[in-house]
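K.L.:
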Amino acid sequence: MIEKSQRKIHIGVFGTYGFENMGDAAVADATIAGLKRHIPNAEIVGICQQPENVALRHHIKAYSIHRVFLTKTQTAGSDGIPVDKVDNHGGSSFKVRIIGFIKTSKFIFRLAKVVQNTLLILSLIVKEIKFSFVVLERVKTLDLMVMSGSGQLNEEWGGAWRYPFGLFRWCLLARLSGCKIAFLSVGAGVIDTFLGKFFCLSALRLAHYRSVRDIRSKKLVESWRVGAVQLVPDMAFSMKFKIDETPTSTDGVFTVGINPISFCDPRTWIVSDQNKYDSYVEKISKFCDWLLSEGYSLVFIPNELVMDNRAIDDILEKIDPLLVDSTRVIRPEIVNYPDVFRSYARCNYVISSRFHGLLFSFMSQLPVIALAHHYKYFELADEMGQKKYCLDIANFNLDELKLLFKDLVVNEKSIKDAIKLNSDNYSGIVENQYMKMRDFVV
Numbered sequence: 001m002i003e004k005s006q007r008k009i010h011i012g013v014f015g016t017y018g019f020e021n022m023g024d025a026a027v028a029d030a031t032i033a034g035l036k037r038h039i040p041n042a043e044i045v046g047i048c049q050q051p052e053n054v055a056l057r058h059h060i061k062a063y064s065i066h067r068v069f070l071t072k073t074q075t076a077g078s079d080g081i082p083v084d085k086v087d088n089h090g091g092s093s094f095k096v097r098i099i100g101f102i103k104t105s106k107f108i109f110r111l112a113k114v115v116q117n118t119l120l121i122l123s124l125i126v127k128e129i130k131f132s133f134v135v136l137e138r139v140k141t142l143d144l145m146v147m148s149g150s151g152q153l154n155e156e157w158g159g160a161w162r163y164p165f166g167l168f169r170w171c172l173l174a175r176l177s178g179c180k181i182a183f184l185s186v187g188a189g190v191i192d193t194f195l196g197k198f199f200c201l202s203a204l205r206l207a208h209y210r211s212v213r214d215i216r217s218k219k220l221v222e223s224w225r226v227g228a229v230q231l232v233p234d235m236a237f238s239m240k241f242k243i244d245e246t247p248t249s250t251d252g253v254f255t256v257g258i259n260p261i262s263f264c265d266p267r268t269w270i271v272s273d274q275n276k277y278d279s280y281v282e283k284i285s286k287f288c289d290w291l292l293s294e295g296y297s298l299v300f301i302p303n304e305l306v307m308d309n310r311a312i313d314d315i316l317e318k319i320d321p322l323l324v325d326s327t328r329v330i331r332p333e334i335v336n337y338p339d340v341f342r343s344y345a346r347c348n349y350v351i352s353s354r355f356h357g358l359l360f361s362f363m364s365q366l367p368v369i370a371l372a373h374h375y376k377y378f379e380l381a382d383e384m385g386q387k388k389y390c391l392d393i394a395n396f397n398l399d400e401l402k403l404l405f406k407d408l409v410v411n412e413k414s415i416k417d418a419i420k421l422n423s424d425n426y427s428g429i430v431e432n433q434y435m436k437m438r439d440f441v442v
C-alpha cells in the first residue's frame, strides 16, 4: 500500500490564464512552482480559458473551463464535445426555395423564428449538460483544485454566464466529487448582477479555504458571509527567479521602463472611449518626449502582448522623431513573462499602467509610478508605502507626472529600501499559504 504522503497528489490550477496576459501567466507559473515546492509529489493540471496555449507555455496538461473556448489561433473550438459542422452537400437550392416560401408569410416566418430559437436554446442546454459530465469526470481525478490570479470574482468580461458560471460549475462538481477547493489570493472585480453575485458567492461557500489579496476584496467577500477569509498578498510574490540583466547608466544615461495599457481603446477595451484613449496616448507620448529631452533612455514593455503592443504602436507614432534613436528608444521582443522581467531588469525607473507591471516593478525593487484605472493599484501601492506615486489614469496631467517623476528620482534609495522590506515580507506570507495547501492533501 502506498503511503498518502508518497502517492501522486493531483492538483488543478484554475484561473483566467491562457491568453496573452503575461501577468496572468506569471501568477499561474508562480502558483504551480509554489505548490510543487511544498508538495513535491504533486501532479498539476491547468483549468483555464485557452488550454492549447497553457499546455505550450506552462508544460502541463490543460482543460478548458468552458465548453466553447478560443484556440491558440483565436478560432472557436470545443472541449469534450465535438465542434458542430454543417453539411452543405446537395439540397442547397431546395433549402433556398423553402426559406423563400417561409418569408412570404409573416405568421409562418415569425413562428419559424420562435421554433428555431427554442431549438437552439434546447440544443445549448443539452450540450452544457453533457459538458458538465465531462467536468465531473475531470474533477474526480483531483485531490485539490486551487483558484488563483486575477479575475476570479468578476463578470466584466462576458457577463455572469461566462466566467462566474464556469467557476460555480467547477466548484460545485468538485465538491460533489470529494475534491478539496481553495481560493488563493484572489481579487474581487465588477459583480453587478444578481446571477453574477450568486455564482461567485456560491463558489466561495463551496470552498474549504479562501484568501483574497486586498482589503477591499476582503470586506466585500466577508459581507457575503461565505465563511472565514484570509488576507494574503498576490501569488506572484512567491516567484523565484534570477535575471542576468542589470540596469545600466552608461555616461550618466538612465533608463525608464514604459509599461502602457490600451485604456478605453475601442479595439480592445471592455468600455470603449476614443477620446479617453487618445488623451492617454497623447500624455504618455509627450511625457516620453520630455524624458528623452532630459537625457533618459526608454524601454517599452508590454504585459499583455496584443493590447499593449497596439498602445505602444500609437505612442511611438506620436513621439517627436527628432528625439528618437535606436539606442535610446528600445522595444525588446517579448513572447513570455521572463522576457518581461528581463526588460524590467534593464530599467532604473518604471511608469506602469498595468497592475502586474506595478507588481513586477515592486518585485524587481524598482521605483515606479502607477497610472491606475482600478482601486487595486492604489491598495498595492499603499501597502508598499508608495501611495503618493499612484495617479488616476483618466485624470492625471503631464506637469503632475513630471513633478512626481522628479520626486521619484530624488527619493530613489528610500523607495527601494521600503519596497525591499515589504516585498520580502509578502513573499514569506505567500509561502506560508502553500504550507496550508500541503496540509490539506498530504
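With UniProt numbering, the residue at position 13 of the sequence shown is 13, and numbering never jumps.
Quick reminder that beta carbons are idealized off the backbone N, C-alpha and C, glycines included.
For the alpha helix (DSSP H) containing L323, name the first residue and the last one.
P.N.:
As a first step, residue 323 must be located in the sequence shown, where it is residue number 323. It is not in any alpha helix (DSSP H) - L323 carries neither H nor E in the DSSP assignment.
K.L.:
Can you look up C390 in the DSSP assignment and give me helix, strand or coil?
P.N.:
For the purposes of this step, residue 390 is taken as the residue at position 390 of the sequence shown. DSSP places C390 in strand when its eight states are reduced to three.
K.L.:
Label R267 either buried or exposed according to how many other C-beta atoms from any shown protein chain fall within 10 Å of its C-beta, with 16 as the threshold for buried.
P.N.:
Position 267 of the sequence shown, counted from the first residue, corresponds to residue 267. Exposed is the call here.
K.L.:
At the level of alpha carbons, what is the spacing between G196 and G158?
P.N.:
Residue numbering aside, residue 196 sits at position 196 when the sequence shown is read from its first letter. Residue numbering aside, residue 158 sits at position 158 when the sequence shown is read from its first letter. So the two alpha carbons sit approximately 11 Å from each other.
K.L.:
Please report the residue range of the beta strand (DSSP E) in which G46 lies.
P.N.:
Within the sequence shown, numbered from 1, the residue matching residue 46 stands at position 46. Segment 42-48, the beta strand (DSSP E) holding G46.
K.L.:
Since I believe I261 is in contact with R354 (beta carbons under 8 Å), could you give me their beta-carbon distance rounded to a whole number of angstroms?
P.N.:
Along the sequence shown, one-based indexing puts residue 354 at 354. Along the sequence shown, one-based indexing puts residue 261 at 261. That belief holds up - the Cβ atoms of R354 and I261 are roughly 5 Å apart, short of 8 Å.
K.L.:
Answer with buried or exposed for G252, where buried requires no fewer than 16 other C-beta atoms within 10 angstroms of its C-beta.
P.N.:
By 1-based counting over the sequence shown, the position of residue 252 is 252. By the neighbour-count rule (16 or more Cβ atoms within 10 Å), G252 is not buried but exposed.
K.L.:
State the start and end residues of the unbroken beta strand (DSSP E) segment that holds N259.
P.N.:
Mapped onto the sequence shown, residue 259 falls at position 259. Segment 255-259, the beta strand (DSSP E) holding N259.
K.L.:
Rounded to a whole number of angstroms, what is the C-alpha to C-alpha distance between F131 and C171?
P.N.:
For the purposes of this step, residue 131 is taken as residue 131 along the sequence shown, with counting starting at 1. For the purposes of this step, residue 171 is taken as residue 171 along the sequence shown, with counting starting at 1. Approximately 14 Å between the Cα atoms of the pair.
K.L.:
According to DSSP, which residues form a beta bridge with I39?
P.N.:
As a working note, residue 39 is residue 39 in the sequence shown. DSSP lists no partner for I39.
K.L.:
Measure the C-alpha to C-alpha separation of F254 and S279 and round it to an integer number of angstroms.
P.N.:
Sequence index remark: in the sequence shown, residue 254 carries index 254 (1-based). Sequence index remark: in the sequence shown, residue 279 carries index 279 (1-based). So the alpha carbons of these two residues sit roughly 27 Å apart.
K.L.:
Skipping 5 residues on each side, what residues in its chain have a beta carbon closer than 6 Å to that of G12?
P.N.:
By 1-based counting over the sequence shown, the position of residue 12 is 12. Only V45, I47, L142, M145 meet the Cβ criterion.
K.L.:
Is it buried or exposed for D314, if we count other Cβ within 10 angstroms and need 16 for buried?
P.N.:
Taking the sequence shown and counting its residues from 1, one reaches residue 314 at position 314. Burial call: buried.
K.L.:
Checking 8 Å against the spacing of the C-beta atoms, do I65 and Q49 come in under that value?
P.N.:
On the sequence shown, position 65 is the one that residue 65 refers to. On the sequence shown, position 49 is the one that residue 49 refers to. Going by C-beta atoms, I65 is nearer than 8 Å to Q49.
K.L.:
With a 10 Å radius around its C-beta and 16 neighbouring C-beta atoms as the bar for buried, classify G189 as buried or exposed.
P.N.:
Sequence index remark: in the sequence shown, residue 189 carries index 189 (1-based). That one is buried.
K.L.:
In whole angstroms, what separates the C-alpha of V441 from that of L204?
P.N.:
Here residue 441 refers to the residue found at position 441 of the sequence shown. Here residue 204 refers to the residue found at position 204 of the sequence shown. For V441 and L204, the distance between alpha carbons rounds to 19 Å.
K.L.:
In whole angstroms, give me the CA-to-CA distance for P82 and P367.
P.N.:
As a working mapping, residue 82 is identified with position 82 in the sequence shown. As a working mapping, residue 367 is identified with position 367 in the sequence shown. At P82 the pLDDT is 36, less than 50, meaning the model places this residue with poor confidence and gives no usable figure here.
K.L.:
When the distance is taken between beta carbons, is T31 closer than 8 Å to S148?
P.N.:
Taking the sequence shown and counting its residues from 1, the one referred to as residue 148 is at position 148. Taking the sequence shown and counting its residues from 1, the one referred to as residue 31 is at position 31. For S148 and T31, yes; Cβs fall inside 8 Å.
K.L.:
On a Cα-Cα basis, can you pick out the residue from I270, S217, Y163, S223 that is closest to L231?
P.N.:
Working through the sequence shown from its first residue, we reach residue 231 at position 231. That would be S217, whose Cα lies nearest to the Cα of L231.
K.L.:
Taking the beta carbon of I121 as the centre, do at least 16 other beta carbons fall within 10 Å, making it buried, or is it exposed?
P.N.:
Along the sequence shown, one-based indexing puts residue 121 at 121. Looking at its Cβ environment, which holds fewer than 16 other Cβ atoms inside 10 Å, I121 is exposed.
K.L.:
Along the alpha helix (DSSP H) that carries L201, what are the first and last residues, could you check?
P.N.:
The sequence position of residue 201 within the sequence shown is 201, counting from 1. That run of the alpha helix (DSSP H) goes 194-206.
K.L.:
Using the three-state DSSP reduction, which class does Y296 fall into: helix, strand or coil?
P.N.:
Start at 1 with the first residue of the sequence shown, and residue 296 comes out as number 296. Reduced to three states, the DSSP call for Y296 is coil.
K.L.:
Going along the chain, which residues of its own chain have a beta-carbon closer than 7 Å to the beta-carbon of C390, five neighbours each way excluded?
P.N.:
Taking the sequence shown and counting its residues from 1, one reaches residue 390 at position 390. So the list reads A370, A372, Y377, F378, A381, once near-sequence residues are dropped.
K.L.:
Starting from M145, trace the beta strand (DSSP E) both ways and give me its first and last residue.
P.N.:
Position 145 of the sequence shown, counting from 1, holds the residue named residue 145. From DSSP, the beta strand (DSSP E) with M145 extends over 144-148.
K.L.:
Can D29 and H58 be called in contact, C-beta distance under 8 Å?
P.N.:
In the sequence shown, the residue the question calls residue 29 occupies position 29. In the sequence shown, the residue the question calls residue 58 occupies position 58. Against a cut-off of 8 Å, the Cβ pair of H58 and D29 comes out as a contact.
K.L.:
Taking the C-alpha atoms as reference points, what is the distance between A42 and D339?
P.N.:
Here residue 42 corresponds to residue number 42 of the sequence shown, with the count starting at 1. Here residue 339 corresponds to residue number 339 of the sequence shown, with the count starting at 1. Cα-Cα distance, rounded: 27 Å.
K.L.:
Give me the DSSP bridge partner(s) of K180.
P.N.:
Reading the sequence shown from its first residue, position 180 is the one you call residue 180. Partner(s): L144.
K.L.:
Leaving aside the five residues before and after L220 along the sequence, list all residues of the same chain whose C-beta is less than 6 Å from its C-beta, in chain order.
P.N.:
The residue labelled residue 220 in the question sits at position 220 within the sequence shown. The residues are A188.
K.L.:
Just reading off the alpha helix (DSSP H) that F378 is part of, what are its end residues?
P.N.:
For this step, residue 378 is matched to residue 378 along the sequence shown. 375-383 is the span of the alpha helix (DSSP H), which, as asked, contains F378.
K.L.:
Buried or exposed: which applies to P321, given that a residue is buried once 16 or more other Cβ atoms fall within 10 Å of its Cβ?
P.N.:
As a first step, residue 321 must be located in the sequence shown, where it is residue number 321. It is exposed - the Cβ of P321 has fewer than 16 other Cβ atoms within 10 Å.
K.L.:
Who are the near neighbours of H208 in its chain, counting only those whose CB is closer than 8 Å to its CB and skipping five residues on each side?
P.N.:
Start at 1 with the first residue of the sequence shown, and residue 208 comes out as number 208. The answer, listed in chain order, is K180, I181, A182, F440.
K.L.:
Taking 8 Å as the threshold, find out whether the segment 357-365 comes into contact with the segment 329-344 through three or more Cβ pairs.
P.N.:
Touching, yes, given that three or more Cβ pairs across the two stretches are closer than 8 Å.
K.L.:
Taking only beta-carbon positions, decide if K318 is within less than 8 Å of chain D.
P.N.:
No chain D appears in this structure, which consists of one protein chain only.
K.L.:
Rounding to the nearest angstrom, what Cα-Cα distance links D308 and S427 in this structure?
P.N.:
For the purposes of this step, residue 308 is taken as the residue at position 308 of the sequence shown. For the purposes of this step, residue 427 is taken as the residue at position 427 of the sequence shown. Approximately 28 Å between the Cα atoms of the pair.
K.L.:
Look at V271 and Y349 and say whether their C-beta atoms are less than 8 Å apart.
P.N.:
The residue labelled residue 271 in the question sits at position 271 within the sequence shown. The residue labelled residue 349 in the question sits at position 349 within the sequence shown. In this structure, Y349 does not lie closer than 8 Å to V271 by Cβ.
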